[in-house]
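Engineer: Everything in the sequence shown is counted per the working numbering, starting at 1147 for the first residue and increasing by one. Cβ coordinates follow ideal geometry from the N, Cα and C atoms, glycine included. Please read these numbers as outputs of a predicted model, since none were measured by experiment.
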Amino acid sequence: ITASTVCAPARASMLTGRHVCDHDAWTNNMPCREGLEYYPQRMRAAGYDTAAFGVLDHFPHDDMCGFRHCRLMEGGLQGDKEEYLAFLRQRHPEVTRIFNGSNFEFAFAEDEFYDYWTASRAIEYIEERAACPQEPFLAYVGFLSPHTPLIPPREVHGTVDTERLPRPLQRQEGMSPVTTYRGVLVTPKKTAAAQMRERTAYAELIVEVDRQVGRIVDALKAAGLYESTTILLTADHGDMLEDFGLTTKGPYPYRSSLFIPMILSNHPGLRRGARSDSLVGNIDIGATVLDIAGDQRAFGYSRSLVDAAQPVPEHPREVNYSEFSDAMKLAMDKRYTYAYFPFTGYADLYDRQADPDELHNLAGDPAHAAVEMAFLKHIIEFLTLARNVRIEAHDMIPPLRAGLERKAPRFLDDFVIAYPISSNTERQRLREAGLSDDYNEFCRERTVSAHYGVYWESRPPA
1147 ITASTVCAPA RASMLTGRHV CDHDAWTNNM PCREGLEYYP QRMRAAGYDT
1197 AAFGVLDHFP HDDMCGFRHC RLMEGGLQGD KEEYLAFLRQ RHPEVTRIFN
1247 GSNFEFAFAE DEFYDYWTAS RAIEYIEERA ACPQEPFLAY VGFLSPHTPL
1297 IPPREVHGTV DTERLPRPLQ RQEGMSPVTT YRGVLVTPKK TAAAQMRERT
1347 AYAELIVEVD RQVGRIVDAL KAAGLYESTT ILLTADHGDM LEDFGLTTKG
1397 PYPYRSSLFI PMILSNHPGL RRGARSDSLV GNIDIGATVL DIAGDQRAFG
1447 YSRSLVDAAQ PVPEHPREVN YSEFSDAMKL AMDKRYTYAY FPFTGYADLY
1497 DRQADPDELH NLAGDPAHAA VEMAFLKHII EFLTLARNVR IEAHDMIPPL
1547 RAGLERKAPR FLDDFVIAYP ISSNTERQRL REAGLSDDYN EFCRERTVSA
1597 HYGVYWESRP PA
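In structure tokens:
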């Protein structure tokens, strides 16, 4: 799933490996909090050349997050500094804006389309890397499509059979007031034919992205770099596309906006063609890239997809988490999706096994009260993890640590140690009570920031 069903917050989670409540870029055009590290910075420190092309959607727009080489297309957010806009004006002096098209069609030829331009810049970089094939590199390629505007190039018109596309799901009741208000605000009423025309254009944009990915793969092969390059394809969020009368994205707890593609390809540790039902998300990009580079240190709450794709992962995730600012907090496992809308008292609960289209809200059903309570506890724990967990070491008892490691397997990498068990007398009390007395052993070889004494330096009890 996506870490957030809106562009910039989701992309900030990709860059930082942290949830929205932690990195603080809670909506578009908001900066991350100070002091965070970005995975391109870690990759540069590991000796990788780093480059970004297309949509980065990071604020402020002149912060490159550790990418050494950037050729961005930010959809107009950079104003007259947009390189793609300058490219268009060279060919069409009359152009005044990034997006040019109408009636579901781009105004110019495909080789002038913004995603084609992005792929071309990435291909130029790949061709340069061919001169130094032994030097590792990281290339981030951010296509804007299939995000609005829905103006695919004419070259992909007719590649999608509208009759084979699913029709929008229909539902009139049981949605949260937050969802209902947002839907009315941003979704004008459309005929069924108009809805399907939008879906067709969206699908044609996916075809266009596929064509550009193909160009990049061909360039890697031509440069002799394909066999040594791992490719990860994902997205920042989905799109409601008129399901339940909603469009684009927002505080929507539904699979149409929440679920995203996640394809990890061409890695020697993966089984070819294998599928996994592991719970993963775009928050896992950073740890995956770093794992491939040999960097095993914790990266926020990100987990490596290389591990998740194994038949028996070392660190399987039991619950996924997503949020839309503080308007919606969502947790899901392999069966249920649960969303709580703070300050409204409203919640959504869907059993995706019995109700894959999410038509029946089970929140408030006494038969599912225990399920709701379990997910509320998960949400509280995810919110507690924000800004790194703070627990005095003598309270890091075995069941607490075990539960914490289920949500953050490498939390100890960044854990601040304060007030471990202070004496062997305290340890003896634990033993006499039949409790574990060695659960602070992890503190021995680490810096202790504050203490009243530490047991490994104290005398044995008399």
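How big is the Cα-Cα spacing for valine 1324 and proline 1397?
Structural biologist: Stepping through the sequence shown from its first residue, residue 1324 is reached at position 178. Stepping through the sequence shown from its first residue, residue 1397 is reached at position 251. Near 7 Å, if we compare the C-alpha coordinates of proline 1397 and valine 1324.
Engineer: Restricting to Cα atoms, I'd like to know which of Tyr1585, Val1517 and Glu1240 is closest to proline 1545.
Structural biologist: Position 399 of the sequence shown, counting from 1, holds the residue named residue 1545. Closest by alpha carbon: Tyr1585.
Engineer: Kindly indicate which three-state DSSP category asparagine 1466 falls into: helix, strand or coil?
Structural biologist: Residue numbering aside, residue 1466 sits at position 320 when the sequence shown is read from its first letter. Residue state, collapsed to three classes: strand.
Engineer: Identify, in the order they occur along the chain, each residue of the same chain with its Cβ nearer than 7 Å to the Cβ of proline 1612, setting aside the five sequence neighbours on each side.
Structural biologist: This structure gives no information on residue 1612, because the portion of the chain shown stretches from 1147 to 1608.
Engineer: How many angstroms separate the CA atom of threonine 1376 from the CA atom of glycine 1415?
Structural biologist: Within the sequence shown, the letter at position 230 stands for residue 1376. Within the sequence shown, the letter at position 269 stands for residue 1415. Cα to Cα, threonine 1376 sits roughly 10 Å from glycine 1415.
Engineer: Kindly provide the ranges of any beta strand (DSSP E) runs that are 3 or more residues long and lie completely inside the segment 1382-1449, ordered along the chain.
Structural biologist: Here the runs fully enclosed are 1408-1411.
Engineer: May I ask you to list the residues that DSSP assigns as paired with tyrosine 1482?
Structural biologist: For the purposes of this step, residue 1482 is taken as residue 336 along the sequence shown, with counting starting at 1. Tyrosine 1482 pairs with Asp1497.
Engineer: Just the C-alpha distance for alanine 1579 and alanine 1444, rounded to the nearest angstrom, thanks.
Structural biologist: Locating residue 1579 in the sequence shown gives position 433, counting from the first residue. Locating residue 1444 in the sequence shown gives position 298, counting from the first residue. Whole-angstrom Cα-Cα distance: 35 Å.
Engineer: Just to confirm, are histidine 1383 and threonine 1242 a CB contact at a threshold of 8 Å?
Structural biologist: Against the sequence shown, residue 1383 aligns to sequence position 237. Against the sequence shown, residue 1242 aligns to sequence position 96. No, the pair does not count as a contact, with Cβ atoms beyond the cut-off.
Engineer: Is the CB-CB distance between leucine 1371 and alanine 1439 below 8 Å?
Structural biologist: In the sequence shown, residue 1371 corresponds to position 225, counting from 1. In the sequence shown, residue 1439 corresponds to position 293, counting from 1. No, they are not a contact pair.
Engineer: Determine the DSSP secondary structure at glycine 1200, reduced to helix, strand or coil.
Structural biologist: For the purposes of this step, residue 1200 is taken as the residue at position 54 of the sequence shown. Note: glycine 1200 maps to strand in three-state DSSP.
Engineer: Who are the Cβ neighbours of leucine 1296 in its own chain at under 7 Å, not counting the five residues just before and after it?
Structural biologist: Along the sequence shown, read from residue 1 onward, the residue named residue 1296 stands at position 150. Result list for leucine 1296: Phe1250, Glu1344, Ala1347, Tyr1348 and Leu1351, in chain order.
Engineer: Would you verify that the beta carbon of glutamate 1220 is, or is not, closer than 8 Å to some beta carbon of chain D?
Structural biologist: The question asks about chain D, but that chain is absent: this structure has only one protein chain.
Engineer: Please work out which residues of its chain come closer than 7 Å, Cβ to Cβ, to threonine 1294, disregarding the five sequence neighbours upstream and downstream, and give them in chain order.
Structural biologist: Working through the sequence shown from its first residue, we reach residue 1294 at position 148. Same-chain partners within the cutoff: Thr1394.
Engineer: Tell me the DSSP bridge mates of glutamate 1251?
Structural biologist: Taking the sequence shown and counting its residues from 1, one reaches residue 1251 at position 105. Glutamate 1251 pairs with Ser1248.
Engineer: To the nearest angstrom, how far is it from the Cα of arginine 1217 to the Cα of tyrosine 1484?
Structural biologist: Counting from 1 along the sequence shown, the entry for residue 1217 is found at position 71. Counting from 1 along the sequence shown, the entry for residue 1484 is found at position 338. Cα-Cα distance, rounded: 39 Å.
Engineer: Taking just the CA atoms, how far does glutamate 1309 sit from leucine 1550?
Structural biologist: Here the question's residue 1550 lines up with position 404 in the sequence shown. Here the question's residue 1309 lines up with position 163 in the sequence shown. Between leucine 1550 and glutamate 1309, the C-alpha separation is close to 48 Å.
Engineer: For valine 1594, write down the residues that DSSP places opposite it in a beta bridge.
Structural biologist: Residue 1594 sits at position 448 when you count from the first residue of the sequence shown. Answer is Ile1563.
Engineer: List the endpoints of the continuous alpha helix (DSSP H) containing leucine 1331.
Structural biologist: Residue mapping note: residue 1331 aligns to position 185 of the sequence shown, counting from 1. First-last of the alpha helix (DSSP H) with leucine 1331: 1323-1332.
Engineer: Using the three-state DSSP reduction, which class does tyrosine 1260 fall into: helix, strand or coil?
Structural biologist: The residue you call residue 1260 lines up with position 114 of the sequence shown. Reduced to three states, the DSSP call for tyrosine 1260 is helix.
Engineer: Would you check if the distance between the CB atom of histidine 1165 and the CB atom of tyrosine 1447 is smaller than 8 Å?
Structural biologist: Translated into the one-based positions of the sequence shown, residue 1165 becomes position 19. Translated into the one-based positions of the sequence shown, residue 1447 becomes position 301. A contact, by the Cβ cut-off of 8 Å.
Engineer: For glycine 1247, collect the residues of the same chain with a Cβ closer than 6 Å to its Cβ; drop the 5 residues on either side in sequence, then sort them by chain order.
Structural biologist: Translated into the one-based positions of the sequence shown, residue 1247 becomes position 101. Counting only Cβ-Cβ distances below 6 Å, and skipping sequence neighbours, we find Ala1253 and Ile1297.
Engineer: What residue range is occupied by the uninterrupted beta strand (DSSP E) comprising arginine 1217?
Structural biologist: Locating residue 1217 in the sequence shown gives position 71, counting from the first residue. Run containing arginine 1217: 1215-1218, per the beta strand (DSSP E) assignment.
Engineer: Is DSSP giving leucine 1379 helix, strand or coil here?
Structural biologist: For the purposes of this step, residue 1379 is taken as the residue at position 233 of the sequence shown. Reduced to three states, the DSSP call for leucine 1379 is strand.
Engineer: Out of Tyr1400, Thr1162, Tyr1185 and Ala1192, which one is the CA nearest neighbour of cysteine 1178?
Structural biologist: Your numbering for residue 1178 matches position 32 in the sequence shown. Looking at the Cα atoms, Thr1162 is the closest of the given residues.
Engineer: Just mark histidine 1238 as buried or exposed, buried being the case when its beta carbon has 16 or more other beta carbons within 10 Å.
Structural biologist: Counted from its first residue, the sequence shown places residue 1238 at position 92. Exposed.
Engineer: On the DSSP letters alone, give me the boundaries of the alpha helix (DSSP H) that valine 1359 sits inside.
Structural biologist: Reading the sequence shown from its first residue, position 213 is the one you call residue 1359. Per DSSP, valine 1359 belongs to the alpha helix (DSSP H) from 1338-1368.
Engineer: Determine the closest residue to valine 1201 out of Gln1574, Ala1156, Val1594 and Ile1406, with distance taken between C-alpha atoms.
Structural biologist: Reading the sequence shown from its first residue, position 55 is the one you call residue 1201. The residue with the shortest Cα to Cα distance from valine 1201 is Ala1156.
Engineer: Per DSSP, which residues does phenylalanine 1283 bridge with? Please list them.
Structural biologist: In the sequence shown, the residue the question calls residue 1283 occupies position 137. For phenylalanine 1283, which the question treats as bridged, DSSP gives the partners Asp1195.
Engineer: Are threonine 1609 and asparagine 1428 closer than 8 Å when you measure CB to CB?
Structural biologist: Only positions 1147 to 1608 of the chain appear in the structure, and residue 1609 is not among them; the question remains open.
Engineer: Would you call the CB atoms of leucine 1522 and tyrosine 1467 closer than 8 Å?
Structural biologist: By 1-based counting over the sequence shown, the position of residue 1522 is 376. By 1-based counting over the sequence shown, the position of residue 1467 is 321. Result no, Cβ atoms of leucine 1522 and tyrosine 1467 do not sit closer than 8 Å.
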